[in-house]
Amino acid sequence: MEHFRPAIRWAVEAAQEKQAVDITVLKLSGKGAFAEYFVLCSARSQPQMQAIADAIEERLRRENVRPAHREGTFGAEWLLLDYGNFIVHIFSESARQYYDLERLWRDAERFDIRGPEDSPGRDAANESDAARL
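According to this note's numbering, numbering within the sequence shown proceeds without interruption in unit steps and concludes at 139.
Here's what the structure looks like:
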């Protein structure tokens, strides 16, 4: 993960600190998308969704990176933080399944980010692929 662009890495790290589930980065460059990357993650509760969003904003704010736009309020099933060249999507687990952005952008290069619960020997290909971000 150290090979991601710094702002994306900081967003992922902040999400991990708040126990986000199934963190995935989609590289959309050249796919006709309005952002180069999507960072997707899920939360198990509304308070956790808000905590993840707040942690990401706080971490990036310390680096003078601010979202151009934020969508979703407490109680929403989907929060969005738009940082221009990348967008963070924080879903409830049911909303993530329903909207299925991974399927919609299935042609995008996909990077599944290991969480602390994953074994250290898991798929070394993800580490080498991440170097291209």
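Backbone N, C-alpha and C define an ideal beta-carbon position, used for all residues, glycine too.
Taking the continuous beta strand (DSSP E) assigned at residue i, which residues delimit it?
i	result
ALA49	43 to 49
ASP88	84 to 88
ILE96	92 to 98
ASP60	Segment 52 to 68 is the alpha helix (DSSP H) holding ASP60; no beta strand (DSSP E) there.
ARG116	115 to 118
Nearest CA to the CA of residue i: which residue from the options?
i	options	result
GLN56	LEU87, SER35 and LEU34	LEU87
ARG50	LEU34, GLU108, SER100 and ARG120	SER100
ARG112	LEU34, ALA41, LYS24 and TRP16	LEU34
GLN52	GLU115, GLU19 and LYS24	LYS24
ARG11	GLY36, TYR43, LEU107 and TYR104	TYR43
Ignore the nearest five residues each way along the sequence and tell me which others in residue i's own chain have a CB closer than 7 Å to its CB.
i	result
VAL71	ALA13 and TYR89
TRP16	ARG65, LEU66 and GLU69
Under 6 Å Cβ to Cβ from residue i, same chain only, skipping five residues before and after it: list those, please.
i	result
ARG102	SER48
PHE97	SER48 and TRP84
ALA26	CYS47 and ILE58
If you draw a straight line from the C-alpha of residue i to the C-alpha of residue j, how long is it?
i	j	result
ASP129	HIS75	Any reading at ASP129 must be qualified, since the residue scores a pLDDT of 45, below 50, and its modelled position is unreliable; the value itself is stated next. Going from the Cα of ASP129 to the Cα of HIS75 covers about 35 Å.
VAL45	ARG109	14 Å
TYR105	LYS37	19 Å
ARG116	GLN54	24 Å
LEU32	ALA114	6 Å
VAL94	LEU107	12 Å
ALA39	PHE92	10 Å
May I ask which residues mark the beginning and end of the alpha helix (DSSP H) holding residue i?
i	result
SER35	Neither: SER35 is in no alpha helix (DSSP H) and is coded neither H nor E.
ARG76	Counting along the chain, ARG76 falls outside any alpha helix (DSSP H), though it belongs to the beta strand (DSSP E) covering 75 to 77.
ALA17	12 to 23
Which residues in the same chain as residue i place their Cβ atom closer than 8 Å to its Cβ, once the five residues preceding and following it in sequence are excluded?
i	result
ILE29	VAL18, ALA21, GLN22, VAL45, LEU46, CYS47, ASP118, ILE119 and GLY121
*Do the stretch 78 to 86 and the stretch 60 to 67 meet, that is, are 3 or more Cβ pairs less than 8 Å apart?*
Using a Cβ-Cβ distance cut-off of 8 Å, the stretch 78 to 86 and the stretch 60 to 67 are not in contact, since fewer than three pairs of beta carbons, one from each stretch, lie closer than that value.
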